[in-house]
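So the structure is just underneath, and the comments pick up after that.
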Amino acid sequence: MLKKYALYLFRWQMSTPILAVVIALFPVKNEWISAIVANLIGGLIFFWVDRLIFRQQYIFDVWSVEEDVTCADCGTVCRGYRLVKSKTYDKTNDKNPKFRCESCSKKKYDSIKNK
Ligand SMILES: [Zn+2]
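Structure below.
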C-alpha cells in the first residue's frame, strides 16, 4: 500500500508541469480559468494513469500449501494450508505464516470471507 501511495504522490507531481504551462501560456490571464483548463487537461490524461495505479484486483485466491506442518488451531500434524492473498486479504509479507489443517483452514477462510 505504501508503494502505491508513493506512486500516487509521484503521479500528482506529474500534473505540476501541465498546471505551470497552462497558467504561463493560456491566452486568458485569469488564474481561475487557467487552473480550470489545466485541471481539465490533467483529468483527461491522469484518469487513465490513476486507473492503472488502482486497478490491481485479484480474481483468484492465492494459497500456500506445505507438508508436515502443525495446524495453528488444532495442533494436528498434517498437510497445511494458508491463504496468502485474496481480493480483501493480503498476508504476502507475513513473517510468521500460520498453516492450518484442511478443516481449520476452511473455518478460517469462511471467517475472512464473511467480514
Ligand atoms: Zn486444524
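Numbering (my numbering), first residue to last: 9 to 123.
Built from N, CA and C at the ideal position, the CB exists for glycine as well.
In this text, all values refer to a predicted model and were calculated from it rather than measured experimentally.
Query: Cutoff 6 angstroms; reference residue 105; Cβ partners in own chain excluding five residues on either side; Result: 90
Query: Per-residue DSSP class, three states only, for residue 24; Result: helix
Query: DSSP state of residue 63 mapped onto helix, strand, coil; Result: coil
Query: Coil, strand or helix - residue 95 by DSSP; Result: coil
Query: Residue 30 burial status per 10 Å Cβ neighbour count (16 or more: buried); Result: buried
Query: Where the alpha helix (DSSP H) through residue 118 begins and ends; Result: 110-121
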